[in-house]
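Each residue of the sequence shown is one higher than the one before, starting from 0 at the first, in numbering that gives the first Met the number 0.
Some notes on the structure that comes next.
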Amino acid sequence: MKKIGILGGVGWASTVDYYRAISEGASRHFAERGHSSPLPIPPMTIESVTQAKTRALRGVAGDEASWVGFDAVFRDALLTLEGAGCDFGIIASNTPHARLHAIRQGVTMPILSIFDATAEATASTGASRALVLGTTVTMQATNYADRLAAEGISANNRLPDAEIAEMQAMIDSDFYGGASDAAHARLLAFCNKHAKPGTAILLACTELPLAFPDNLDDAVFEADGHLFVNPSAAHVAAALKEALSD
């Protein structure tokens, strides 16, 4: 099996879930093939960055120079994972993927994109429209829209700044360290307001799927009258496929 490097910490609760999902997914894979306990899981190294630091280093959309410090933190973490002998890396967070073009400079090991995994999962639903929910960085950027367009899927137009700020505030208050008791209802109210019928809703912050504990391992699922895509689960599936490949 290939060794996985997980860049985590943004936030820690979703990093924990990545490790769990990879471990349980590998265990199921080998159990189905008749392996006895203890079931194998891929070797992994986790490099956890400090979310408070990375949040403070966020730059301004369209100003490349303003992201230098942010990019450097993630690049150094990936280089640490590379130095630990990891065969490939994954970043257990949507937000830094918007900067992957800069973060991966100088890193030689492959980095699996959450955008690619999510776009493929969304295409599998047959939906022609998508609503992208996530942090301010994710919702202001066009990375998801561009990648979805390659699959023939139209993403929502950028929401008003006040709505984006509401989603960021929800993530910070109801999804830090897990999903609060109010998280599910608050997220659902936002979806009801912005998702048209037949729209695939991308839970494009790795904390947002925590509001649906019964579907944490489902890349695509239906709940509360909506069709959801779980980028974290799609990303984990891609990592498992790569780790278990010859």
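Quick reminder that beta carbons are idealized off the backbone N, C-alpha and C, glycines included.
How far does the alpha helix (DSSP H) with Gly68 in it reach, from first residue to last? From DSSP, the alpha helix (DSSP H) with Gly68 extends over Val67 to Gly82.
Compare the beta carbon distance of Pro230 and Ile113 with 8 Å and say whether it is the shorter of the two. The answer is yes: Cβ separation under 8 Å.
State the beta-bridge partners of Arg57 as determined by DSSP. DSSP lists no partner for Arg57.
Determine the direct distance from the alpha carbon of Ser47 to that of Ala83, and round the result to whole angstroms. Cα to Cα, the separation comes out at about 14 Å.
When you compare only the Cα positions, how much space is there between Ala20 and Ala232? Those two C-alpha atoms are separated by around 8 Å.
What do you get for Ala140, buried or exposed, if any count of 16 or more other CB atoms within 10 angstroms of its CB means buried? When all chains shown are included, Ala140 counts as buried.
To which residues does DSSP link Arg128 through a beta bridge? Within the DSSP secondary-structure output, Arg128 pairs in a beta bridge with Ser153 and Thr198.
May I ask you to list the residues that DSSP assigns as paired with Ser47? In the DSSP output, where bridge partners are listed per residue, Ser47 has Gly7.
Counted within 10 angstroms of its Cβ, other Cβ atoms place Ser35 as buried (16 or more) or exposed: Counting Cβ neighbours within 10 Å, Ser35 comes out exposed, since fewer than 16 surround it.
Residues in the same chain with beta-carbon distance under 6 Å from Lys1, minus the five sequence neighbours each way, listed in chain order, please. The beta carbon of Lys1 sits closer than 6 Å to the beta carbons of Asp86 and Ala242 from its chain, once the five residues preceding and following it are set aside; these are given in chain order.
In angstroms, rounded to a whole number, what distance separates the CA positions of Ile40 and Glu23? In a straight line, the C-alpha of Ile40 is about 8 Å away from that of Glu23.
Would you say Arg98 and Phe69 are within 8 Å of each other, going by their C-beta atoms? The answer is yes: Cβ separation under 8 Å.
Under 6 Å Cβ to Cβ from Ile163, same chain only, skipping five residues before and after it: list those, please. Within the same chain, Ile163 has close Cβ partners Thr135 and Met138.
So for Ile163, helix, strand or coil by DSSP? Note: Ile163 maps to helix in three-state DSSP.
Would you call Glu221 buried or exposed, if buried means 16 or more other Cβ atoms sit within 10 Å of its Cβ? Taking a 10 Å sphere around the C-beta of Glu221, we find fewer than 16 other C-beta atoms and assign the residue as exposed.
Determine, using beta carbons only, whether Asn191 and Gly133 come nearer to each other than 8 Å. No. Outside cutoff.
Taking His34 as part of the alpha helix (DSSP H), name the residues at either end of that continuous run. Careful: His34 lies outside any alpha helix (DSSP H) and carries neither H nor E.
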